[in-house]
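Residue numbers (my numbering), protein chains in the order written: chain A, 74 to 502; chain B, 74 to 502.
All residues carry an ideal CB built from backbone N, CA and C; glycine is no exception.
For reference, the structure is listed below as structure tokens.
There are 2 protein chains.
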Amino acid sequence: MKAEILATGDEIRSGALVDSNSAHISQVLEANGVAVIRHTCVGDDLQALVDVLHEISRRADIAVVTGGLGPTVDDLSSEAAAVALGVELVLDPEALAAIKAWFAAHKRPMSASNRKQALFPAGSTRLDNPLGTAPGFETAIGGCRFFFLPGVPVEMRRMLDEQVVPRIRSMHGARHCYRIRSLSTFGLPESVVNERIGGFAAHFGDLKLGLRARFPEIHIRLYGSGDDEQELAARLDAAARWVAAKIGNRMVSMHGRPLPAVVGGLLRRHGATLAVAESCTGGLIAHQLTGVAGSSDYFLFAGVTYANAAKRDILGVPEKILTTYGAVHEETARRMAEGARRIAGATYGLSTSGIAGPGGGNAEKPVGTVCIGLAAPRHAFGRRYRFFYDNRSTNKRIFAATALDILRRELLKADGEIHGTEKGSDTGS
Amino acid sequence: MKAEILATGDEIRSGALVDSNSAHISQVLEANGVAVIRHTCVGDDLQALVDVLHEISRRADIAVVTGGLGPTVDDLSSEAAAVALGVELVLDPEALAAIKAWFAAHKRPMSASNRKQALFPAGSTRLDNPLGTAPGFETAIGGCRFFFLPGVPVEMRRMLDEQVVPRIRSMHGARHCYRIRSLSTFGLPESVVNERIGGFAAHFGDLKLGLRARFPEIHIRLYGSGDDEQELAARLDAAARWVAAKIGNRMVSMHGRPLPAVVGGLLRRHGATLAVAESCTGGLIAHQLTGVAGSSDYFLFAGVTYANAAKRDILGVPEKILTTYGAVHEETARRMAEGARRIAGATYGLSTSGIAGPGGGNAEKPVGTVCIGLAAPRHAFGRRYRFFYDNRSTNKRIFAATALDILRRELLKADGEIHGTEKGSDTGS
Numbered sequence: 074m075k076a077e078i079l080a081t082g083d084e085i086r087s088g089a090l091v092d093s094n095s096a097h098i099s100q101v102l103e104a105n106g107v108a109v110i111r112h113t114c115v116g117d118d119l120q121a122l123v124d125v126l127h128e129i130s131r132r133a134d135i136a137v138v139t140g141g142l143g144p145t146v147d148d149l150s151s152e153a154a155a156v157a158l159g160v161e162l163v164l165d166p167e168a169l170a171a172i173k174a175w176f177a178a179h180k181r182p183m184s185a186s187n188r189k190q191a192l193f194p195a196g197s198t199r200l201d202n203p204l205g206t207a208p209g210f211e212t213a214i215g216g217c218r219f220f221f222l223p224g225v226p227v228e229m230r231r232m233l234d235e236q237v238v239p240r241i242r243s244m245h246g247a248r249h250c251y252r253i254r255s256l257s258t259f260g261l262p263e264s265v266v267n268e269r270i271g272g273f274a275a276h277f278g279d280l281k282l283g284l285r286a287r288f289p290e291i292h293i294r295l296y297g298s299g300d301d302e303q304e305l306a307a308r309l310d311a312a313a314r315w316v317a318a319k320i321g322n323r324m325v326s327m328h329g330r331p332l333p334a335v336v337g338g339l340l341r342r343h344g345a346t347l348a349v350a351e352s353c354t355g356g357l358i359a360h361q362l363t364g365v366a367g368s369s370d371y372f373l374f375a376g377v378t379y380a381n382a383a384k385r386d387i388l389g390v391p392e393k394i395l396t397t398y399g400a401v402h403e404e405t406a407r408r409m410a411e412g413a414r415r416i417a418g419a420t421y422g423l424s425t426s427g428i429a430g431p432g433g434g435n436a437e438k439p440v441g442t443v444c445i446g447l448a449a450p451r452h453a454f455g456r457r458y459r460f461f462y463d464n465r466s467t468n469k470r471i472f473a474a475t476a477l478d479i480l481r482r483e484l485l486k487a488d489g490e491i492h493g494t495e496k497g498s499d500t501g502s
Numbered sequence: 074m075k076a077e078i079l080a081t082g083d084e085i086r087s088g089a090l091v092d093s094n095s096a097h098i099s100q101v102l103e104a105n106g107v108a109v110i111r112h113t114c115v116g117d118d119l120q121a122l123v124d125v126l127h128e129i130s131r132r133a134d135i136a137v138v139t140g141g142l143g144p145t146v147d148d149l150s151s152e153a154a155a156v157a158l159g160v161e162l163v164l165d166p167e168a169l170a171a172i173k174a175w176f177a178a179h180k181r182p183m184s185a186s187n188r189k190q191a192l193f194p195a196g197s198t199r200l201d202n203p204l205g206t207a208p209g210f211e212t213a214i215g216g217c218r219f220f221f222l223p224g225v226p227v228e229m230r231r232m233l234d235e236q237v238v239p240r241i242r243s244m245h246g247a248r249h250c251y252r253i254r255s256l257s258t259f260g261l262p263e264s265v266v267n268e269r270i271g272g273f274a275a276h277f278g279d280l281k282l283g284l285r286a287r288f289p290e291i292h293i294r295l296y297g298s299g300d301d302e303q304e305l306a307a308r309l310d311a312a313a314r315w316v317a318a319k320i321g322n323r324m325v326s327m328h329g330r331p332l333p334a335v336v337g338g339l340l341r342r343h344g345a346t347l348a349v350a351e352s353c354t355g356g357l358i359a360h361q362l363t364g365v366a367g368s369s370d371y372f373l374f375a376g377v378t379y380a381n382a383a384k385r386d387i388l389g390v391p392e393k394i395l396t397t398y399g400a401v402h403e404e405t406a407r408r409m410a411e412g413a414r415r416i417a418g419a420t421y422g423l424s425t426s427g428i429a430g431p432g433g434g435n436a437e438k439p440v441g442t443v444c445i446g447l448a449a450p451r452h453a454f455g456r457r458y459r460f461f462y463d464n465r466s467t468n469k470r471i472f473a474a475t476a477l478d479i480l481r482r483e484l485l486k487a488d489g490e491i492h493g494t495e496k497g498s499d500t501g502s
């Protein structure tokens, strides 16, 4: 079954609003075994809407349309569907009563224009909206079943899950399952990841494989389908293990978890705590770590020490180190990591000092240079890296990921000492 | 002139990636006097790409296509254009040399597949990519001029500005100017902003006005066009001043600058420095402040003190305060701000302590509660706020913006004492 998605509205057409609905609908449809072949967006223009409904009806079996169900004169989805079908709009008394009840419950005055939201193309089926005033509807144009939903994401998502997906699943009848398994890697270029897993098709020809750059990570996605859910899960597991063996310790997560969550999981497993000293990453590492719910169990402190005086007075980096080596140096980074670890009483200290740009670079230490320090219970080190991005924000992100990944591999090594070598950071969880 | 936008790639088609490129391109084209009539997305499928190129060529005068210029077999844009044109792909030796030079400069091995990126449909014009390995190209299919750009946003945007926009402007020949003026507000609901600027059309009927929610800010956008650039700028300026007077001190920037940049500009103007103590925002305030180039001139230090011990030992918040009031309290927040200010030797200290969720809330201090502290040279205070978002990341963002906005209004007040009252944070810059 082939599906298309249509987003309507001048806000999206003109770029005032980014359309995140279509991506969400695509993912839900594909997870339910429907191939999405195209997305389209047109504005609040009756003829453009009618044209595109006809076009979609000739190409697709299923279409999901968002937007244009509101009370204003710009909301044209019902009218466009009626024109495309060659039928009248008719008032649905039940829908009108529900809209009246919604306004009463929310203690807001109902305007005359809201009556428009109870008008549907003759012969269509209403789709109730439990969260708002705009009901949707289902109708067939040519051989294509169209589901019209509101554009408000929270309303659209709920109606998609509760009303559209069950109808679509009943269309293809079978109990066929579809699963996507995502694995995340860091530190290898996309071309190298691609080469390493080159033999995949020969081993797992029944599964589909795709690479997805989610900077700074690269995700490997495995797609499978089958009649037996357990058997499908076992096949995906075997394929994920094969991929993990090819990628080695550059595999961040066997389940697509982002780096800060994986690092957090490892710290938790070790009963370890972390303190961070950030210069060039400016708080991004702390922000990413604390974005994980429950991170207060292992994350104690981050010092964002932009000024040298803060590196000296708060982290205790000796003045002599700063004057001898400068702020961006392996030795300074190591001392910063040790200082953060010491003042917070943490198991590990992690630090960054570098040049994110646009200013501050020189011939010896150009923009893109970062020194990362790690202080562990029994050793500490500083390392220098050089990246070639010409953008402050991109540099902050790659610096932060590089630092987190050094800690991740350090924790894996400690794992190896305890449990024997493992592939991937979260295979054991 | 009518334009269409085509996003290509299985990542976008399948919903793995939200397409933000098309919205950006729409805004740029519309700001340059081109009406965007449709966006489309199809996957990495040669026939689908050829079909949609033909369709667009029949409807539009201009088309911008993103994605599909990479080195892999999935990257099909050049091939699809060649098929649609009925021509061969030919190797561009200059493009090949540029790709080789890029890999040499970035000290990475060039793989054989990168050679593919120097192949273009015969008769097309290459568009150089100053930031990456994938050049774009321009060609006409039917009566429509197509601009093919890479999908990487930073590369696409640069090429759009520098190479596509000038070509499009020369197409419509005229010296007609189009300008968008963006004003940013924080702290008022969209409906209140809308009400306050209700009389706009009566005063400035020749300008268009739009609201755009860029959480947590709301931007007011003014669109104008005219033959005289100076006259147009003056009209937009007058309208911006009218809007600013209606919005009052909730106007963050008369030029759409984000809150952290506005706060940074005010600190710089005052010759003041800042230290931050973050608990619930977990480094986000520091990350936002240090995202502004040159922030090292005024940003000295942030302490992300998740653990109470770090609040006590590093910021010097008395144990008694923590045990009497708890971590989330106005008094604790005030002491945190004072501690950050003191240990970093900064002019201002700013702090957050609250509950971002999903856990950690209770009846007295539910998820969404935040206390913000400010320490200024002559006074200090703590204030409590309550938000109703059900999401850790959203709460971190609204907490951080609320804290930065308190500092912004404090700096404006200090401005008022020196320079007399001003409307808006950056009118003086």
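Practice task
Express the C-alpha separation of residue 256 (chain B) and residue 226 (chain A) in angstroms, rounding to a whole number.
Solution key: The residue given as residue 226 (chain A) occupies position 153 in the first sequence. The residue given as residue 256 (chain B) occupies position 183 in the second sequence. Distance between the alpha carbons of residue 226 (chain A) and residue 256 (chain B): 26 Å.
Practice task
Reducing DSSP to helix, strand and coil, say where residue 90 (chain B) ends up.
Solution key: On the second sequence, position 17 is the one that residue 90 (chain B) refers to. Taken through DSSP and simplified to helix, strand or coil, residue 90 (chain B) comes out as coil.
Handout entry: Helix, strand or coil at residue 78 (chain B) according to DSSP, with G and I counted as helix
Key = As a first step, residue 78 (chain B) must be located in the second sequence, where it is residue number 5. Three-state result, residue 78 (chain B): strand.
Practice task
Buried or exposed for residue 206 (chain A), please, with buried defined as at least 16 other CB atoms from any protein chain shown within 10 angstroms of its CB.
Solution key: If you number the first sequence from 1, residue 206 (chain A) lands on position 133. When all chains shown are included, residue 206 (chain A) counts as buried.
Practice task
Using the Cα positions of residue 402 (chain A) and residue 374 (chain B), report the straight-line distance between them to the nearest angstrom.
Solution key: The residue you call residue 402 (chain A) lines up with position 329 of the first sequence. The residue you call residue 374 (chain B) lines up with position 301 of the second sequence. It is roughly 19 Å from the alpha-carbon of residue 402 (chain A) to the alpha-carbon of residue 374 (chain B).
Handout entry: Short Cβ contact (8 Å threshold) for residue 134 (chain B) with residue 216 (chain B)
Key = Here the question's residue 134 (chain B) lines up with position 61 in the second sequence. Here the question's residue 216 (chain B) lines up with position 143 in the second sequence. Cβ distance < 8 Å, so residue 134 (chain B) and residue 216 (chain B) count as in contact.
Exercise for the section: Could you tell me which residues DSSP pairs with residue 232 (chain B) in its beta bridges? Expected result: In the second sequence, the residue the question calls residue 232 (chain B) occupies position 159. Beta-bridge pairing links residue 232 (chain B) to no other residue.
Practice task
Report the rounded CA-to-CA distance for residue 218 (chain A) versus residue 163 (chain A), giving the unit in angstroms.
Solution key: By 1-based counting over the first sequence, the position of residue 218 (chain A) is 145. By 1-based counting over the first sequence, the position of residue 163 (chain A) is 90. Their Cα atoms are separated by approximately 20 Å.
Practice task
Please classify residue 379 (chain B): does DSSP put it in a helix, a strand, or coil?
Solution key: On the second sequence, position 306 is the one that residue 379 (chain B) refers to. For residue 379 (chain B), the three-state secondary structure derived from DSSP is coil.
Handout entry: Distance, residue 326 (chain A) Cα to residue 335 (chain A) Cα
Key = For the purposes of this step, residue 335 (chain A) is identified with residue 262 of the first sequence, where counting begins at 1. For the purposes of this step, residue 326 (chain A) is identified with residue 253 of the first sequence, where counting begins at 1. Computed Cα separation, rounded: 7 Å.
Practice task
Return the residue from the list A:415, A:427 and A:259 that minimises the CA-CA distance to residue 478 (chain A).
Solution key: Locating residue 478 (chain A) in the first sequence gives position 405, counting from the first residue. Of all alpha-carbon atoms in A:415, A:427 and A:259, the one lying nearest the alpha-carbon of residue 478 (chain A) is that of A:259.
Exercise for the section: Could you name the residues that DSSP lists as bridge partners for residue 139 (chain B)? Expected result: As a working mapping, residue 139 (chain B) is identified with position 66 in the second sequence. DSSP lists B:80 and B:222 as partners of residue 139 (chain B).
Exercise for the section: Would you please state the rounded distance, in angstroms, between the beta carbons of residue 77 (chain A) and residue 110 (chain A)? I believe it to be under 8 Å. Expected result: In the first sequence, counting from the first residue as 1, residue 77 (chain A) sits at position 4. In the first sequence, counting from the first residue as 1, residue 110 (chain A) sits at position 37. The distance from the Cβ of residue 77 (chain A) to that of residue 110 (chain A) is about 6 Å, consistent with a contact at the 8 Å cut-off.
Practice task
Could you name each continuous alpha helix (DSSP H) segment of 4 residues or more that falls completely within the stretch 286-368 of chain A, going from the start of the chain to the end?
Solution key: Runs of the alpha helix (DSSP H) inside the stretch 286-368 of chain A: 302-320, 332-343 and 357-363.
Practice task
Taking only beta-carbon positions, decide if residue 120 (chain A) is within less than 8 Å of chain B.
Solution key: For the purposes of this step, residue 120 (chain A) is taken as the residue at position 47 of the first sequence. With 8 Å as the cut-off, residue 120 (chain A) does not count as an interface residue toward chain B.
Practice task
Identify each residue in the stretch 380-397 of chain B for which the Cβ-Cβ distance to at least one residue of chain A is less than 9 Å, and report them in chain order.
Solution key: For the stretch 380-397 of chain B, which is checked against every Cβ of chain A, the residues closer than 9 Å are 380, 382, 383, 386 and 387.
Practice task
Give the single residue among A:231, A:194, A:195 and A:193 whose Cα lies nearest to the Cα of residue 202 (chain A).
Solution key: Along the first sequence, one-based indexing puts residue 202 (chain A) at 129. Nearest C-alpha to residue 202 (chain A): A:231.
Exercise for the section: Establish whether the CB of residue 463 (chain A) and some CB of chain B are separated by less than 8 Å. Expected result: Position 390 of the first sequence, counted from the start, is the residue given in the question as residue 463 (chain A). Answer yes: the Cβ-Cβ gap between residue 463 (chain A) and chain B drops below 8 Å somewhere.
Practice task
Indicate whether residue 354 (chain B) and residue 469 (chain B) have their beta-carbon atoms separated by less than 8 Å.
Solution key: Mapped onto the second sequence, residue 354 (chain B) falls at position 281. Mapped onto the second sequence, residue 469 (chain B) falls at position 396. In contact: residue 354 (chain B) and residue 469 (chain B) (Cβ atoms closer than 8 Å).
Handout entry: Contacts of residue 192 (chain A) in chain B (Cβ-Cβ under 8 Å)
Key = Mapped onto the first sequence, residue 192 (chain A) falls at position 119. Taking a Cβ-Cβ cut-off of 8 Å, residue 192 (chain A) has no neighbours in chain B, whose nearest Cβ is about 26 Å from it.
Handout entry: Chain-ordered residues of the stretch 126-142 of chain B with a beta carbon less than 7 Å from chain A
Key = If the cut-off is 7 Å between Cβ atoms, the stretch 126-142 of chain B has nothing near chain A.
Handout entry: Within chain A, partners of residue 110 (chain B) - CB distance below 9 Å
Key = The residue given as residue 110 (chain B) occupies position 37 in the second sequence. Simply 86, 115, 116, 118 and 121.
Exercise for the section: Leaving aside the five residues before and after residue 493 (chain A) along the sequence, list all residues of the same chain whose C-beta is less than 7 Å from its C-beta, in chain order. Expected result: Along the first sequence, read from residue 1 onward, the residue named residue 493 (chain A) stands at position 420. Caution is warranted here: a pLDDT of 42 is assigned to residue 493 (chain A), below 50, making its placement in the model unreliable, and the coordinate value is therefore given only provisionally. Within the same chain, residue 493 (chain A) has no close Cβ partners at all.
Exercise for the section: Would you check if the stretch 377-384 of chain B and the stretch 433-440 of chain B touch, i.e. whether three or more CB-CB distances between them fall below 8 Å? Expected result: Contact fails: fewer than three Cβ-Cβ distances are below 8 Å.
Practice task
Rounded to whole angstroms, what's the CA-CA distance from residue 268 (chain A) to residue 210 (chain B)? Just pull it up for me.
Solution key: Stepping through the first sequence from its first residue, residue 268 (chain A) is reached at position 195. Stepping through the second sequence from its first residue, residue 210 (chain B) is reached at position 137. The alpha-carbon atoms of residue 268 (chain A) and residue 210 (chain B) are separated by roughly 28 Å.
Practice task
On a CA-only basis, which of B:87, B:100 and B:91 is nearest residue 104 (chain A)? Give me that one, please.
Solution key: Position 31 of the first sequence, counted from the start, is the residue given in the question as residue 104 (chain A). Among B:87, B:100 and B:91, the Cα nearest to that of residue 104 (chain A) belongs to B:87.
Handout entry: Endpoints, alpha helix (DSSP H) assigned at residue 240 (chain A)
Key = Along the first sequence, read from residue 1 onward, the residue named residue 240 (chain A) stands at position 167. Unbroken alpha helix (DSSP H) run through residue 240 (chain A): 238-245.
Problem - residue 494 (chain B) - DSSP class collapsed to helix/strand/coil - result: Walking along the second sequence from the start, residue 494 (chain B) turns up at place 421. Because residue 494 (chain B) sits at a pLDDT of 40, beneath the cut-off of 50, its placement in the model cannot be relied upon, and the point is left open.
Practice task
Give the range of the alpha helix (DSSP H) segment to which residue 408 (chain A) is assigned.
Solution key: Residue numbering aside, residue 408 (chain A) sits at position 335 when the first sequence is read from its first letter. 403-417 is the extent of the alpha helix (DSSP H) around residue 408 (chain A).
Problem - Residue from B:471, B:480, B:159 and B:188 whose Cα sits closest to the Cα of residue 172 (chain B) - result: Within the second sequence, residue 172 (chain B) is the residue found at index 99, counting from 1. Nearest C-alpha to residue 172 (chain B): B:188.
Practice task
Would you verify that the beta carbon of residue 91 (chain B) is, or is not, closer than 8 Å to some beta carbon of chain A?
Solution key: Stepping through the second sequence from its first residue, residue 91 (chain B) is reached at position 18. So, interface residue.
Practice task
Taking only beta-carbon positions, decide if residue 103 (chain A) is within less than 8 Å of chain B.
Solution key: In the first sequence, counting from the first residue as 1, residue 103 (chain A) sits at position 30. Yes - at least one Cβ of chain B is within 8 Å of the one on residue 103 (chain A).
Problem - Beta-carbon proximity check, residue 139 (chain A) vs residue 229 (chain A), cutoff 8 Å - result: Numbered from its first residue, the first sequence carries residue 139 (chain A) at position 66. Numbered from its first residue, the first sequence carries residue 229 (chain A) at position 156. Going by beta carbons, residue 139 (chain A) and residue 229 (chain A) fall inside the 8 Å limit.
Problem - Contact list for residue 285 (chain A) against chain B, beta-carbon separation under 8 Å - result: Start at 1 with the first residue of the first sequence, and residue 285 (chain A) comes out as number 212. In chain order: 84, 89 and 90.
Problem - Any chain A beta carbon closer than 8 Å to residue 431 (chain B) - result: In the second sequence, the residue the question calls residue 431 (chain B) occupies position 358. Closer than 8 Å to some Cβ of chain A, the Cβ of residue 431 (chain B) qualifies, so yes.
Practice task
Would you check whether the ligand ZN has a heavy atom nearer than 7 Å to the C-beta of residue 174 (chain A)?
Solution key: Only the bare structure without any ligand can be found here, which leaves the ligand ZN out of the picture.
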